[in-house]
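For reference, the structure is listed below as structure tokens.
2 protein chains.
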Amino acid sequence: MLEYSEPIAKLIDEFKKLPGIGQKNAQRLVFFILRKSKEDVESLAKSLLEVKEKIKICSVCNNLTDIDPCFYCTSPDRDRSVICIVEEPYNLVAIEKTRSYKGLYHILHGALSPIRRIKPDDLKLSNLFPRLKPENNQMITVKEIIIATNPTTEGEATAHYIANLIKPLGIRVTRIATGMPVGSDLEFVDEVTMDKALANRHEI
Amino acid sequence: MLEYSEPIAKLIDEFKKLPGIGQKNAQRLVFFILRKSKEDVESLAKSLLEVKEKIKICSVCNNLTDIDPCFYCTSPDRDRSVICIVEEPYNLVAIEKTRSYKGLYHILHGALSPIRRIKPDDLKLSNLFPRLKPENNQMITVKEIIIATNPTTEGEATAHYIANLIKPLGIRVTRIATGMPVGSDLEFVDEVTMDKALANRHEI
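Read top to bottom, the protein sequences are chains A and B.
Those letters in the first sequence? Residues 1 to 204, per the numbering used here, in order.
Those letters in the second sequence? Residues 205 to 408, per the numbering used here, in order.
Spelled out as structure tokens, the structure:
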């Protein structure tokens, strides 16, 4: 029994390929698309093609960008003595939103994971080391590497792996703090976070 | 501060226009799109444009279709003496999935709602009445109208409004049953449904 005409069924299938979108959600999106103007749908389709066409990986820091090197790597306003290492390009946004970090970035595009078979070679790490060499006269020598991988097993493993590689170079390596999230409640915090929050206590 | 390069920011904005997709989800979708092959993204963009280009509203029953009249209206296998009225095109799919209904459909593309200012004229109802006329020799006279609008205030109001228009024509008008969903638990059912389930009890 043909339930949907072919173009509808095909778009439902296309939407279902996207993360977190199941059959029901895909249907809902298609019927929303059908109610939209031709211009709106063309604008969405165009954006999809454009993002794929124009966005590349920065050859310096691996950020997703439409210019290479990217905005951060070329900006004269950024502190070139600090590099913050993150797992994914969108993690960079979380840090930028604080408006307190003014250094550079290095994006790994992943984290070490024996379960998901992600090995050091699968991370975009090799282009970090040329950035740390003092003989590169175009940049101020890097003084600190902040490892901002996620506070998960995989993120921690990645952080330690990278720290062990960088420390011998005589560069300071730091790790973002773990503890209670601001605005959270002791009643609802998990025991691992609580344990970290206790261990990392400081004088007030 | 420029956080995302322009094509990424634009696609995030486009995704955010879709129902149920907020900033975080839109970001996630964009980074998923960026990891996909060019062919996959082109296929999605093409489907979007195709659905908009090819899908029309059936002139007989208001179903969304790429042929007019639609599959159901032209099928020789459907029982032309029954018309099932639903609110939205996707409601038709819920009924088709039962595989027990073999009649025709009429899609209203909405339900009466004073709050959302949806009046009888806003429903696609006017083309229902020519379908009910016995002088139309091309079809067997309609013997029953099943009103399958949602069991909500708006759906019930719409059902009663339509029933009052059709009954004077001497056609049987029925309404889908309300009660406990199959496989549900009395513990979790709301009181209105429970009340309906009690009121609509039948001999076993």
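Every residue gets a Cβ at the ideal spot worked out from N, C-alpha and C, and that includes glycine.
Asked                                                                                                                           : Found
Exposure of Leu108(A), with buried meaning 16 or more beta-carbon neighbours within 10 Å                                        : buried
Gly103(A) in three-state terms, based on DSSP                                                                                   : strand
Partner residues on chain B for Gln27(A), Cβ-Cβ distance less than 8 Å                                                          : Tyr294, Val297
From Leu390(B), Lys242(B), Ile261(B), residue whose alpha carbon lies closest to that of Ile8(A)                                : Ile261(B)
8 Å Cβ cut-off: residues of chain A touching Pro273(B)                                                                          : Within 8 Å Cβ-Cβ: nothing; Pro273(B) doesn't reach chain A, min ~12 Å.
Any C-beta of chain A under 9 Å from that of Gly409(B)                                                                          : Given that chain B is displayed from residue 205 to residue 408, the structure contains no residue 409(B) and the question cannot be resolved.
Any C-beta of chain A under 9 Å from that of Gly224(B)                                                                          : yes
C-beta contact flag for Val346(B) and Ile375(B) at 9 Å                                                                          : yes
Glu144(A) (DSSP reduced to helix, strand or coil)                                                                               : strand
Contact check, Asn63(A) vs Leu92(A), beta carbons under 9 Å                                                                     : yes
CB contact flag (Lys10(A), Glu291(B), <9 Å)                                                                                     : no
Opening and closing residue of the alpha helix (DSSP H) in which Ser247(B) lies                                                 : 242–258
Contacting positions in the region 53–67 of chain A - beta carbon closer than 7 Å to chain B                                    : Lys54, Ile55, Leu64, Thr65, Asp66
Nonlocal neighbours in the same chain, by C-beta distance under 7 Å from Val189(A), ignoring five residues either side          : Met180
His106(A) versus Pro130(A) - alpha carbon distance                                                                              : 12 Å
Within 7 Å of chain B by C-beta, residues of the region 109–126 of chain A in sequence order                                    : none
Any C-beta of chain B under 9 Å from that of Leu11(A)                                                                           : yes
The region 371–403 of chain B: positions lying closer than 9 Å to chain A by Cβ                                                 : none
Proximity test, Cβ basis, 9 Å: Leu211(B) and chain A                                                                            : Sequence inspection shows Pro at residue 211(B); the Leu mentioned does not correspond to that position. Cβ-Cβ to chain A under 9 Å: yes for Pro211(B).
Reference Ile216(B); option with closest CA among Ile115(A), Thr65(A), Leu44(A)                                                 : Leu44(A)
Beta-carbon contacts of Leu186(A) that lie in its chain and below 8 Å, excluding the five residues immediately before and after : Met180, Met194
Under 8 Å by beta carbon: chain A residues contacting Glu291(B)                                                                 : Neighbours of Glu291(B) on chain A: none; closest Cβ ~12 Å, over 8 Å.
Supposed close pair Asp122(A), Gly110(A) - CB separation, criterion 8 Å                                                         : 6 Å
Between the CA atoms of Ile259(B) and Leu308(B) - distance to the nearest angstrom                                              : 19 Å
Distance CB(Lys46(A))-CB(Arg78(A)) smaller than 9 Å                                                                             : no
Pair within 9 Å by beta-carbon distance, Ser209(B) and Cys70(A)                                                                 : yes
Residues that DSSP places opposite Asp79(A) in a beta bridge                                                                    : Gly103(A)
Local conformation of Cys84(A) per DSSP, three classes                                                                          : strand
Contact test: Asp399(B) Cβ vs the ligand FAD heavy atom, cutoff 8 Å                                                             : The ligand FAD is absent from the structure shown, which contains no ligands of any kind.
C-alpha distance - Glu156(A) paired with Asn150(A), whole-angstrom precision                                                    : 7 Å
Separation of Leu198(A) from Glu207(A), as counted between CA atoms                                                             : Shown here, chain A extends from 1 to 204; a query on residue 207(A) therefore has no answer.
Residues sharing a beta bridge with Leu64(A), DSSP                                                                              : Ile57(A)
Exposure of Thr269(B), with buried meaning 16 or more beta-carbon neighbours within 10 Å                                        : buried
Inter-residue CB distance, Phe236(B) and Pro19(A) (contact presumed, cutoff 8 Å)                                                : 5 Å
Nearest candidate by alpha-carbon position, reference Arg80(A), set Thr174(A), Ile176(A), Arg201(A), Ile145(A)                  : Ile145(A)
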